[in-house]
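Protein chains in written order, with the working numbering: chain G, 1 to 322; chain S, 1 to 322; chain H, 1 to 322; chain E, 1 to 322; chain F, 1 to 322.
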């Protein structure tokens, strides 16, 4: 557990529980990173900040869906953030817990970068903590959503790329390899879209409902984060349509290719089978087949074959079958 | 019927109806397991606790969907729980009835384990009954939802496994056996998702609506169960998408494999039919076919055949058909 | 038109219009079966009970969707009931009209059984009419919904049976005959589900909205019917999913079977075409084919054929194509 | 422009603008058919009845979706009606504009029949105009919806017919011709359903919202039209399901027929290819094939062929492939 | 940055920041085109008009979804407009920002035409600015929506054309080329429909919610734009159905064509394979085949072949397979 306590315009960073307790008792504004679970930590949080045991259980222990739970003296918010933003087909989500009190913000998550960045931001501008806990919470959540937008850009690029490959390279034989990517991307978008949808609702609540923990002039900032999540949710819907269209097109292209293959088979069979029949016919060993003794018998049969082949070919062309 | 009556800080367990009646008349807090249907039991419950005949009919007799019915003096809740949590493709649901009064909780279900566990919990902490009937009801419902989460873990494992098999082992011939599993899992998820959705709404009602039977400090605990059901409902939606994607992918893989088979058929026919035709041609019995008398006639025809075969093969490769 | 008028604790059954008019004027509680349309009947109903002409038009004439229309002095309810409950693939729905006034219930439908049963029930317990018109209306609607539940049981049995046949008897050749049943069942479920959904809303209105015609102690009974319709609507959704899954599985099984057929065709062609080519090759009439003069030429060619056949077979097995 | 002005219990029909203006100034109730667009007409309507320029623009000029716009002194309603009711696959919709004021109704549409009928109705019962503008508006809208119901009957008949053809005449070869009909019907139903849905909402508003232009005793009549639209919307949903099921069944039947065709091809190939191979085998020109010299060689080879044919046939029957 | 300031009934066009500032301070109504991002511009807008930094950030910097954000003294609206209206398969959307204050309208977008037109309109009728900022904002948004309707006309023409080609030219071989168009059109419609849906909601808010920036007599004009967007959203839904139907029909046509091809293959194989077998049979070299020595052996075998061919053909016709 590590606390950033504002005292006399300075931010003091400490891990000593007694200091945190005294700072809180003295009404000092602070941001506490909760860190690893321990009986001591749980007990400390419950006693010092008066957090409900169920909330503590949620923070440290269980996997929870995104939600906002207003308690009397604080708001408990769970949001999910992206762990990695390098592969659009893998929406790897991590859980972040934020408790917004009147003089404190407690955060808990296992993703290093966000905490690092927030610490850096706090170090750079101590007045963030001076403005109040809601602003720290906003900065924290803002860092989370900031990772969503580049991820959606990757998703868009990949979705467009896959769609383009499916629709415009219909004749390529290696389309089959697009399948796992298409489904992985769809799944990733579905997961992200659902999360963004929930988190949009949470941010809407934070920016509209009159929580005493969120001062009025902080609300536009939460509405800004709401806009971001709304945009992500919107994009997720759009890209899911794109991927679904690509999958549908893929299936149609498959059927088309099958059609082409069967057409070729039909054409070759329709041409070759009659020719082979004619050849077999004159391969019969009947003693009395006068054609076999014609001087130009071979020419004659080749003529027959050419006529048959041209007829079949023309028939197919006229019927527009090939 | 078996009652756990709180008297002087002690829990008394009894099956004697008169004791229950007297205990209730004396305002003692109690939990009553209703047990098997009997005219006597029905009559007793109606008279002693003032339960509406329709509720008694529902409890003992009919199959009911999950619901919450507030009556004047008590709340009647029906929820469905999982009977078994070993097979993710079989969501085997059992019905549980809970009547929450001001001084009593009546429960009825045919699943042994939950009752056993609740009895054990009560034996371990008699203060559960001291806190009030709402807490006992919460413990009872909490035991129900506790079985949902491991079941969803099984579902997730199975869904991921099936999806992986479909998408990554596309060439295996035994994919066909995945079909019943995929549909059974989908059905199981659909059933569970629908139930979780309803029960989430019931728990939302219990945690938000101002029922006099649910004290204010018990509400966070019902909200906690609400969170669990919300999570189950959420997971059900996610996993249903995963399974649906796997089914769609399965169909696409089927079509792909068909394509491959037809391609092989086309290739072999396109190569062999012309060759057979050439052989049949020179099997004709025309007297005047000078080729037949060439000294290297066989070499010549083999040459023709090789040229035909290579041409067809090249044509297919150039056209990217094989 | 036939009325059941409560006079001095006795139920009088009469078809004489004047008696009905006098009974109504005297404030007697009554249940009137409206019977066939006639100008006289329409006029009588409008004058005696003050029913709006549009309602009378609806009752006697038109086909109407389920609805509830509260007028000042009475509630007009239209619900649809099942005419037959023997064939789950045919949801044969009949229309029933109920007008609930303060001292009267008017009913109209062409389904004999329900009326018969209600008459029997009334004969058995005259106090039903004594309790008030709402109770008679409840009994009437309850008889309607009572037919839904056994129908849904038939639907469930059939859906499970069809699903089982599709998924577990995938190799049977007579699957094709399942198609009309699957679609008929789906259609039946869709029709019933939509109706149950509407009627659930109607019953919710009857049990919750404060209609003066529905006394407070009758509301739990309407809520009970609401529960039944909710259950039917719920089941309809579940069974529709089951049938849809079965249809999807059916299509997948079809595709699979096609795959198998084409595989067999490919295998036989791939084995036989080369063999036939070899035989045709040595059927050529070239004078100079030394093989033809070998003493063990036949053995040699059989050897070649066996090698070709085994090669093809092995190739297919190695590639897992057959 | 043609007005029907009520003066002293008589309906006067006039096209003279000054008369209309004076009649309106004198507070006379009137119905005005607006007729063709002209600068004069627009100007007259705006000045005389105080209609907002945007409404006038909508009435005369633009294509508008169904809507209800309450202005201060009048309600502007746009509904779409069917132009023709002869072909269920063509929902040919025309736009009708109605402005309901306190003493006037303005209507505009290009469909002759409705106006004709309304004129006839007005001529038959002048008290329609006496009752007030809302009643005229109701009669007008009622005439529109009256055309929907026979159209839906045609749709139902066609949908049932197509479904029956698809499901029960699965072996007919001319199913392909059902395709354009199925899709045209679906499109027609979708268009109508969407319109009916909107117009139901408009009528709900007219019958429930407390518009001063709609007297209380006229509301049941608008609710009656609402019921009609609700019924049409309901039917559209049902029939769309029927048609969608028919399309799904059609695709399944197609796949089935393909299966059958491929099975036949496989059977004929599997029987004929080995037989041809056997014949080709004994067509080889090896000098040393002792079978060729057997006295009953032909019988022997026929025997072999019969055995091969029967084996293949039996194999297919045992494996249930044909 | 360029401002159109109303001073003494004249519109003054200026780019000098100080003039704008003085004009705003003097309470002059003005329309300001914000132009390119620059630190100076941002600072100026924030200081002069009191715009929130987050709004300025949104206007100049980020890609935002359509939205309406009421701030205390102004409303911030983001809508998306079409950049080009020439190709219905490409919904190329650009972002437009509008800030509506009490005495000013700020607009920002990178699409030349709209600004040009608005400038022209303003030059033509200076009283637009005199009426107030809401009217200028309305004119601006109206110009945006004006481009949607011709685009939807193109979409409709293309959708109808594609549907017609798919359904009525089922035998044409070049259907494959319709695929990219169908999917591109669907995607375009989906994107536009979603945008129109959002913008409809924004315009509904502008026309209904009591914003002090929108005078009451301007509301019908915003409602008119709302109607336009509602119409576009409605059309998008309709056309999406049309395109989806066309895609479904396309897939069905594909399957049908495949069926036809396979039928031809089956027919030719079923006719030719037995004939070839018969020919091969009499090509066998058995010494003792008396038929071979018949004088009319060839006639006999041709007779057999004709019988076989006719039998197969008749069998196919009787079974309705071809």
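Quick reminder that beta carbons are idealized off the backbone N, C-alpha and C, glycines included.
{"Query": "Inter-residue CB distance, residue 243 of chain G and residue 182 of chain G (contact presumed, cutoff 8 Å)", "Result": "6 Å"}
{"Query": "Residue 32 of chain G versus residue 229 of chain G: straight-line alpha-carbon distance, rounded", "Result": "25 Å"}
{"Query": "Distance between residue 280 of chain E and residue 309 of chain F (C-alpha atoms, nearest Å)", "Result": "21 Å"}
{"Query": "Chain S contacts from the region 279-300 of chain G (Cβ-Cβ distance under 8 Å)", "Result": "279, 280, 282, 283, 284, 285, 289, 291, 292, 293, 294, 295, 296, 297, 298"}
{"Query": "Cα-Cα separation, residue 224 of chain S to residue 54 of chain G", "Result": "7 Å"}
{"Query": "Where residue 238 of chain H meets chain S, residues with beta-carbon distance less than 8 Å", "Result": "190, 191, 194"}
{"Query": "Residue 124 of chain S to residue 9 of chain S span [Cα, whole Å]", "Result": "13 Å"}
{"Query": "Contact list for the region 229-259 of chain G against chain S, Cβ threshold 9 Å", "Result": "247, 250, 251, 254, 255, 257, 258"}
{"Query": "Those runs of the alpha helix (DSSP H) which lie wholly inside the region 99-128 of chain H and span at least 4 residues", "Result": "112-124"}
{"Query": "Exposure of residue 27 of chain S, with buried meaning 16 or more beta-carbon neighbours within 10 Å", "Result": "exposed"}
{"Query": "The region 188-197 of chain E / the region 84-93 of chain E touching (three or more Cβ pairs under 8 Å)", "Result": "yes"}
{"Query": "Unbroken beta strand (DSSP E) run spanning residue 241 of chain H, endpoints", "Result": "Per DSSP, residue 241 of chain H belongs to no beta strand (DSSP E); it is in the alpha helix (DSSP H), 219-281."}
{"Query": "Candidates G/277, G/319, G/42, G/306, of which the one nearest residue 305 of chain F by Cα", "Result": "G/277"}
{"Query": "Proximal residues to residue 2 of chain F (C-beta, below 6 Å), its chain only, five neighbours per side dropped", "Result": "15, 33"}
{"Query": "Cβ-Cβ separation, residue 79 of chain E to residue 96 of chain E (assumed contact under 8 Å), whole Å", "Result": "5 Å"}
{"Query": "Top-ranked residue by Cα proximity to residue 100 of chain F, from F/25, F/209, F/136", "Result": "F/136"}
{"Query": "CA-to-CA distance, residue 98 of chain G to residue 70 of chain G, given in whole angstroms", "Result": "12 Å"}
{"Query": "Collapsed DSSP secondary structure at residue 152 of chain H in the structure displayed", "Result": "helix"}
{"Query": "Host beta strand (DSSP E) of residue 64 of chain F (start-end)", "Result": "Residue 64 of chain F -> no beta strand (DSSP E), and no H or E assigned at all."}
{"Query": "Contact between the region 246-258 of chain S and the region 149-168 of chain S (3+ Cβ pairs under 8 Å)", "Result": "yes"}
{"Query": "For residue 306 of chain G, three-class secondary structure by DSSP", "Result": "helix"}
{"Query": "Three-state secondary structure assigned by DSSP to residue 216 of chain H", "Result": "helix"}
{"Query": "Residue 4 of chain S, enclosing beta strand (DSSP E) - first and last residue", "Result": "2-7"}
{"Query": "Coil, strand or helix - residue 142 of chain F by DSSP", "Result": "helix"}
{"Query": "Cβ distance (whole Å) where residue 143 of chain H is taken to contact residue 117 of chain H below 8 Å", "Result": "5 Å"}
{"Query": "Start-to-end residues for the alpha helix (DSSP H) that takes in residue 57 of chain G", "Result": "53-60"}
{"Query": "Short Cβ contact (9 Å threshold) for residue 151 of chain F with residue 133 of chain F", "Result": "no"}
{"Query": "Best match in S/160, S/145, S/316, S/20 for proximity to residue 233 of chain S [C-alpha to C-alpha]", "Result": "S/145"}
{"Query": "Check whether residue 227 of chain E and residue 64 of chain H have beta carbons under 9 Å apart", "Result": "yes"}
{"Query": "Residue(s) in a DSSP beta bridge with residue 96 of chain S", "Result": "S/79, S/109"}
{"Query": "Under 9 Å between C-beta atoms of residue 203 of chain F and residue 266 of chain G", "Result": "no"}
{"Query": "Backbone CA spacing between residue 238 of chain G and residue 36 of chain G [nearest angstrom]", "Result": "39 Å"}
{"Query": "Inter-residue spacing [alpha-carbon to alpha-carbon] between residue 283 of chain G and residue 320 of chain E", "Result": "37 Å"}
{"Query": "Minimum Cβ-Cβ distance from residue 116 of chain G to chain F less than 9 Å", "Result": "no"}
{"Query": "Short CB-CB distance (under 9 Å) between residue 1 of chain E and chain F", "Result": "no"}
{"Query": "Contact check, residue 303 of chain F vs residue 289 of chain G, beta carbons under 9 Å", "Result": "no"}
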